Amino acid sequence: MRAAVAAELLKIRTARLPWALLAVAVGLTGLHSLLFDSNAGGTGHASIPSLATYSGQTQAVNIPGEVLLLASVVGIILASGEFRHKTATATYLATPSRSRVLVAKAAAAACLGLVFGVLGAAVATTIGLFFVTGTGHHLLLSAQTMGRFAAGGAIASAILAAAGVAVGTLIRSQIGAIITVFVWGF
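Using the working numbering, the first residue of the sequence shown is number 9, and each one after it goes up by one.
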């Protein structure tokens, strides 16, 4: 089992697409946080409550849903990529137990999803705190509360990445699985 997980982690480390999706997720998190936090307390449809309130600060430091969607897309790509590139046969011949392969893929996807969540939480929290302190408001959130939000976002991202492996295995078409997750997410 350890060898199967190590092989999946090696695939992730040597492929460019997971890291490109991570960069996109971090960039979208930064853009999302900048746009929403700069419009905090506004009257627009996409604004959050004022940063002087607890709910406004809570929304300012939470990771956006884009990170979670892209984490699940990474899980889909890890699973359905085997079928797309016609390497599934070799994978299942090397590790004949399908359950072991799927658990290894889910564990590797969860590790990468955790990275997505941690980096997304770091970016969202940094930008949110910058706007709260930059506008002269008092920080109403404790460090423990912000830590819980970051940990929750990281765990959710890891779980959705592992769930993406299940979706990518059930729907072998990579595009079809990604579209399904985006429709579900929106």
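Beta carbons: idealized from backbone N, C-alpha and C, even for Gly.
Fair warning: this is a prediction, and the values are worked out from it, not measured in the lab.
- By the neighbour-count definition (other C-beta atoms within 10 Å, threshold 16), ILE186 is a buried residue.
- Burial check for SER181: the Cβ neighbour count within 10 Å stays below 16, so the residue is exposed.
- In terms of Cβ geometry, GLY38 and VAL131 form a close pair [threshold 8 angstroms].
- Counting C-beta pairs closer than 8 angstroms gives fewer than three between the region 42-52 and the region 145-160, which falls short of the contact rule.
- Annotation: the continuous alpha helix (DSSP H) that includes PRO26 extends over 25-46.
- Shown here, LEU59 sits in coil according to DSSP, grouped into three states, outside any helix or strand.
- In terms of Cβ geometry, GLU16 and LYS94 do not form a close pair [threshold 8 angstroms].
- Apart from the 5 residues on each side of it in sequence, LEU120 sits with its Cβ closer than 7 angstroms to the Cβ of ILE20, PRO26, VAL82, ALA169 in its chain, given in chain order.
- A straight line joining the alpha-carbon of SER80 with that of HIS146 spans about 36 angstroms.
- Looking at ILE56, VAL126, LEU76, SER88, the one whose alpha-carbon comes closest to that of LEU178 is SER88.
- Your pair LEU59 and VAL109 does not check out as a contact, with CB atoms roughly 47 angstroms apart and the cut at 8 angstroms.
- The alpha-carbon separation between GLY136 and VAL75 amounts to approximately 16 angstroms.
- Judged by their CB atoms, GLY128 and ALA33 are nearer to each other than the 8 angstroms cut-off.
- Taking all protein chains shown into account, LEU30 has 16 or more neighbouring C-beta atoms within 10 Å of its C-beta and is therefore buried.
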